[in-house]
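Visitor: These protein sequence lines are chains L and Z, in that order. For the first sequence, numbering that gives the first Met the number 0 gives the first residue as 0, with consecutive numbering after it. For the second sequence, numbering that gives the first Met the number 0 gives the first residue as 0, with consecutive numbering after it.
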Amino acid sequence: MTAPALPLIEKPAMRVIDLKLWYGSSLALDSISLDLPERRITAFIGPSGCGKSTLLRCLNRMNDLVDGVRTEGSVLFGGRSIFDPEVDVNALRKRIGMVFQKSNPFPKTVYENVAYGPRIHGVRAKGELDGIVERGLRAAALWDEVKDRLHESALQLSGGQQQRLCIARALAVEPEVLLLDEPCSALDPVATAKIEELLLELREHYTIAIVTHNMQQAARVSDYTAFLYLGRLIEFGETRELFVKPREQQTQDYITGRFG
Amino acid sequence: MAAGTAPRRADASGAARLPDTARRRIATERLASVAIRAGGLAVILAITGIFAFLVVEILPVLLPARVALAHDAALAGVVPRALLLDEYRTHDAALGRDGVVRVVRLEDGAVRAEQALADDFVAVAGDAEHSVLAGVARDGRIAAAPVAFTASFEEQRRVVTPSIGAPIELALFDDAAAAPAVAGPLAVRAGGDAQAGAAALAGGGVALVQRRSERNAFTGETTESLERRVLATPAPVTALALDPKQEQLYAGTADGRLLRFDLRAGVAEPESVDAGGAAISALSLLIGGRTLVVGQADGALSSWFTVPQENGPARLTRTRDYPSYPGAVRAIAPSQRDRAFLVAADDGTLGFQYSTSGRTLWRGDSPLGPATALALAPKGDGGAIAAEGRLASLDVRASHPELSLGSLFGKVWYEGAPRPEYVWQSSSGDDAFEPKLSLVPLVVGTLKGTFYALLLAVPLGVLGAMYTSQFMHARLQRWVKPGVEIMAALPSVVLGFLAALWLAPRVERLFSAFLAMGVAIPVAAIAGGWLWSRLPKRWVARVPDGTEVLWIGVAIAAAMALCVSLSAPLERALFGGSFPAWLETSTGLPFDQRNAVVVGIAMGFAVIPIIFAISEDAFSNVPADLSAGSLALGANRWQTVVRVVLPTASPGIFSAIMVGFGRAVGETMIVLMATGNTPILDWSPFNGFRTLSANIAVEIPEAPHGGTLYRTLFLAALLLFAMTFAVNTAAELVRHRLRRRYGRL
Ligand SMILES: Nc1ncnc2c1ncn2[C@@H]1O[C@H](COP(=O)(O)OP(=O)(O)OP(=O)(O)O)[C@@H](O)[C@H]1O
Ligand SMILES: [Mg+2]
């Protein structure tokens with residue numbers, strides 16, 4: 000198998016080419032090929048267990064942490080396969096940030112959470128860190144809410160604020176790609192709206208991939224959508240097109256909720 | 000109204016008709032809550048119970064001493080100046096200058112026995128050890144009457160019958176007619192085969208007579224020797240004391256000097272020490288004959304004994320001062336059991352003192368006013384006191400007078416020691432032994448053992464847990480964790496046994512190897528890791544992550560083998576062939592085979608599994624999404640572990656260390672077997688030591704129930720309890736703080 004499923008006009012930031020993934024002996028991803036266009040939001044949708052998170056985790060090699068994972072195929076980033084043994088995983092993850100489904104702020108202060116990444120990558124100067132923290136929090140639309148409690152525990156923030164803090168933390172290392180795994184699944188509509196608004200702003204600078212169960216959300220924020228089912232990519236295309244006139248019956252069934 | 004009640008009724012009937020499963024659930028929940036509460040309460044009760052038990056066993060130590068009048072009898076016209084008391088405190092034997100020994104039954108004042116020794120004595124004295132009362136006449140003739148008390152049982156009652164034996168005669172001078180006038184005071188020791196008497200002369204100096212009979216074991220012949228001396232003194236003598244071996248004669252002078260005549264030396268020149276101004280008014284030797292209690296005319300009271308000097312002969316040294324008495328010290332009566340003594344002063348004050356602990360056990364008014372003579376009963380549980388025309392017996396009680404905060408935790412100047420020190424030596428074969436009950440060497444020993452054990456166990460346990468939970472391959476993990484748990488299951492007897500009989504000789508023989516291992520193992524581990532990281536990535540990728548430890552293990556094993564094989568040349572090169580000998584000669588530190596290094600290793604081995612298991616849990620309980628969050632930011636594994644996992648796990652690691660500390664502090668078997676149990680106070684890793692716990696185990700079987708040692712051991716137990724309790728409480732507080740800081744809410 001070769002070539003992406005759909006010839007895209009836009010320049011891809013990452014290309015997934017014929018990716019297969021096994022957890023032990025069970026195949027979780029079956030020959031996935033798709034592109035993540037630069038400075039666009041790509042949504043992954045599909046029923047539970049279809050492999051959305053697995054695919055997302057492949058993109059910054061977080062699957063390495065799972066025992067017994069085996070991959071075939073490649074994911075190109077900057078013209079190079081990220082599975083190459085010579086690739087520095089940590090440098091890769093710095094360039095491809097990730098926000099998890101369940102917010103996971105460190106048990107440190109708000110400030111320390113955001114400053115964590117830059118510190119890891121060698122930023123020491125207090126002034127510089129202050130600037131990065133403020134920019135990160137502003138970019139995550141959290142600054143106004145937390146600027147007076149920067150040095151309080153991040154665990155005291157609300158769920159929505161914690162999730163935005165995690166986004167700020169990911170942005171603070173200035174990644175090129177941002178991967179979000181159901182970032183709003185635990186949030187109320189107001190917090191969700193805030194994050195969606197934020198995503199649209201972030202699109203100016205970042206290539207974004209987002210996993211979501213919420214069809215409206217996918218329709219609202221994404222430029223491209225990939226529909227996965229049982230580990231396979233059923234359909235991938237521009238969001239409007241995919242939602243309005245899907246090419247596949249399965250896609251049609253899923254987005255209209257007639258899925259069985 | 001109907002609308003309001005209807006639902007309520009429905010509720011009530013609904014509750015009554017709860018489904019079976021729900022009812023069962025409620026019952027289980029109630030049962031569980033009762034069981035849990037009962038369990039918790041039982042634990043608290045058990046701990047409080049242990050605490051209460053320890054306190055109850057120790058409490059008698061705090062009972063105040065008591066000296067109270069028991070019986071009081073008149074003895075018209077007599078001024079008793081020497082007293083004896085029988086074991087059952089029923090009779091007083093008294094001697095005054097009138098030369099008549101009278102034994103008075105205290106119950107009713109009846110004189111039960113009476114014997115005239117002379118017409119007139121210039122001075123009298125008693126020898127409680129041999130139950131003798133003696134006096135000296137002006138012409139130097141000494142007469143000593145042995146007083147015996149025989150107890151018999153008649154109709155279930157004990158009857159004590161006193162009798163006065165044939166007087167022992169001793170003359171200070173050959174020719175009584177030509178003798179210089181004797182003035183007194185008098186000191187007498189009248190044992191069966193050695194008798195001595197000393198009395199001050201009116202014209203200055205002291206006259207001394209010693210008689211010894213020696214029985215030849217082969218021929219059965221007895222040879223008698225008699226020696227008379229006149230010892231010159233620089234000032235008039237006001238008090239005299241002879242030691243029980245009749246080798247030392249102590250004299251106090253009117254100008255406040257103490258003289259010590261060494262009677263063995265044959266030299267008349269005494270050692271003279273200034274006791275400070277006031278005339279010496281009373282002298283007495285405590286049990287064992289080494290401590291001299293000195294009373295002075297200004298009320299000062301002090302203890303003295305001979306102290307070895309670094310250069311030159313031992314010197315009589317003032318080692319303890321007691322609070323002064325308001326009047327001149329008139330009489331001192333030592334106990335024949337321990338280092339307690341009664342003191343009477345001229346103003347009518349009576350005191351009960353203890354030498355080792357320096358305690359004033361009791362002080363009050365004498366029931367008879369100013370005393371002329373004083374005695375303590377043979378068992379130390381009663382006393383006798385005399386004044387003009389009167390006699391009285393006293394009930395004397397002191398519980399564990401040798402214990403005081405100072406004697407338990409401070410430096411004490413023990414008899415014969417060159418300086419005050421901390422010593423634990425609870426018993427010896429000798430009755431006159433001075434028990435040394437300082438808990439300090441034991442506390443230090445406990446902390447020392449704990450320190451060396453934790454020195455090994457904390458880094459290994461915590462870092463091992465960190466590696467196992469954070470870096471090690473899951474398949475290896477499955478082997479390592481149960482392996483370490485088996486280590487925990489090893490009985491400490493086995494560990495102690497191995498440490499004492501297998502490890503200790505090897506540490507001694509291969510000391511250089513062990514020393515080198517301290518350097519070689521970390522170096523090998525780091526070098527192995529570095530080499531590993533230098534290997535081409537393509538090779539490394541073939542080996543599952545987290546199994547590199549096997550390779551490093553090989554490197555460490557190789558380093559250890561190398562150290563052992565190089566031990567002999569190393570030892571020759573560094574320590575001239577033998578480390579123990581080198582240590583002894585170059586630093587003066589002794590090397591014990593059973594030392595703190597061995598115990599550190601053995602006890603470390605016992606503590607590692609505990610610290611490992613608890614910290615491993617703490618590390619593993621850090622939510623995986625936290626480390627995932629850190630890794631996703633581009634942090635490497637090490638940064639993630641150090642900056643995120645470790646702080647989050649820190650409360651758990653902290654408790655792991657504290658539980659390990661508790662285990663090491665209380666560990667008994669290993670230290671008992673592998674330390675040599677020498678209660679010495681020093682931090683050298685090459686010495687043995689004795690811990691509180693081992694001390695209790697060693698001594699409690701020998702400690703008489705209710706005795707001082709018994710109570711002291713309970714005090715040691717309480718101390719151990721308090722130590723672990725304090726550390727655990729402090730640890731819990733710290734842990735809570737850490738928890739609040741790093742915990743997830
Ligand atoms: N660590 C793992 N080990 C083994 N199997 C896994 C692991 N993680 C996921 N899987 C399996 O891989 C498949 C895809 O899982 P994945 O988490 O990617 O689904 P998902 O699409 O994200 O589902 P959801 O919408 O519920 O989050 C599932 O069948 C799941 O059981
Ligand atoms: Mg998922």
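Using N, Cα and C, we set each Cβ at its ideal position, and we do this for glycine too.
1. Is the CB of Arg14(L) under 9 Å away from at least one CB in chain Z?
2. Taking 8 Å as the line, does the beta carbon of Gln100(L) fall inside it for any heavy atom of ligand 2?
3. Going along chain Z, which residues have a C-beta under 7 Å from Pro182(L)?
4. List, in order along the chain, the chain Z residues whose C-beta lies closer than 8 Å to that of Tyr110(L)?
5. For Val131(Z), list the residues DSSP reports as bridge partners.
6. Straight-line CA distance for Asp297(Z) to Asp138(Z)?
7. Please state the DSSP three-state secondary structure of Tyr110(L).
8. Let's test the definition: count the other Cβ atoms within 10 Å of the Cβ of Asp364(Z) and tell me whether it reaches 16, buried, or not, exposed.
9. Measuring CA to CA, which of Val100(Z), Arg571(Z), Ala473(Z) is closest to Pro543(Z)?
10. Tell me whether Thr232(Z) sits in a helix, a strand or coil according to DSSP, three-state version.
11. Less than 8 Å between the CB atoms is what I'm expecting for His120(L) and Val172(L), so what's the real figure, rounded?
12. Using the three-state DSSP reduction, which class does Trp682(Z) fall into: helix, strand or coil?
13. Give the DSSP bridge partners of Lys435(Z), in chain order.
14. Is the Cβ-Cβ distance between Val658(Z) and Ile610(Z) less than 9 Å?
15. Using 9 Å as the limit for Cβ to Cβ distance, is Ile194(L) near chain Z?
16. Would you mind listing the alpha helix (DSSP H) stretches within the region 461 to 539 of chain Z that are 4+ residues and don't spill past its ends, in chain order?
17. In terms of residue numbering, what span does the alpha helix (DSSP H) encompassing Ile656(Z) cover?
18. Taking just the CA atoms, how far does Ser184(L) sit from Ser12(Z)?
19. Is any beta-carbon of chain L found at less than 9 Å from that of Gly628(Z)?
20. Can you tell me which of the three DSSP states Phe52(Z) falls into?
21. Enumerate in chain order the residues of its own chain whose CB-to-CB distance from Ile607(Z) is below 6 Å, with the five nearest sequence positions on each side excluded.
22. Just checking: is the beta-carbon of Gly528(Z) within a distance shorter than 9 Å of some beta-carbon in chain L?
23. Could you pull the start and end residues of the alpha helix (DSSP H) that Thr191(L) belongs to?
24. On the three-pair Cβ rule with 8 Å, is the region 390 to 397 of chain Z touching the region 410 to 427 of chain Z?
25. Along chain L, in chain order, which residues have C-beta atoms closer than 7 Å to that of Gln638(Z)?
26. For chain Z, is any of its Cβ atoms less than 9 Å away from the one on Val172(L)?
27. Do you know how far the Cα of Val78(Z) is from the Cα of Asp345(Z)?
28. Should the region 121 to 136 of chain L be called in touch with the region 64 to 77 of chain L, which here means at least 3 C-beta pairs below 8 Å?
29. In whole angstroms, give me the CA-to-CA distance for Asp91(Z) and Leu84(Z).
30. For the alpha helix (DSSP H) containing Ser692(Z), list its first residue and its last residue.
31. Using a Cβ-Cβ cutoff of less than 7 Å, which residues in the same chain neighbour Ala4(L) once the five nearest sequence positions on both sides are dropped?
32. For chain A, find out if any of its Cβ atoms is closer than 9 Å to the Cβ of Leu632(Z); answer yes or no.
33. Spatial neighbours of Cys49(L) within its chain, please: CB distance less than 7 Å, with the 5 preceding and 5 following residues excluded, ordered by chain position.
34. Output yes or no for whether 9 Å exceeds the beta carbon distance between Ile40(L) and Lys51(L).
35. Taking only beta-carbon atoms, is Tyr466(Z) less than 9 Å away from chain L?
36. Does the Cβ of Ala208(L) lie closer than 8 Å to at least one heavy atom of ligand 1?
Guide: The structure says:
1. no
2. yes
3. Under the 7 Å cutoff, chain Z gives no residues; its nearest Cβ is about 13 Å from Pro182(L).
4. Here the premise fails: no neighbours, minimum Cβ distance about 14 Å.
5. Asp126(Z), Pro145(Z)
6. 32 Å
7. helix
8. exposed
9. Ala473(Z)
10. coil
11. 6 Å
12. coil
13. Gln424(Z)
14. yes
15. no
16. 473 to 488, 491 to 497, 503 to 508, 510 to 533, 536 to 539
17. 645 to 665
18. Annotation note: pLDDT 49 at Ser12(Z) (below 50); position unreliable, no value reported.
19. yes
20. helix
21. Ala456, Leu459, Gly460
22. no
23. 188 to 201
24. no
25. Ile119
26. yes
27. 15 Å
28. no
29. 5 Å
30. 691 to 698
31. Residue placement at Ala4(L) cannot be trusted, given a pLDDT of 47 that sits under 50; the coordinates are not used to answer.
32. In the displayed structure, chain A is absent; the protein chains listed are L and Z.
33. Leu227, Tyr228, Leu229, Gly230
34. no
35. no
36. no
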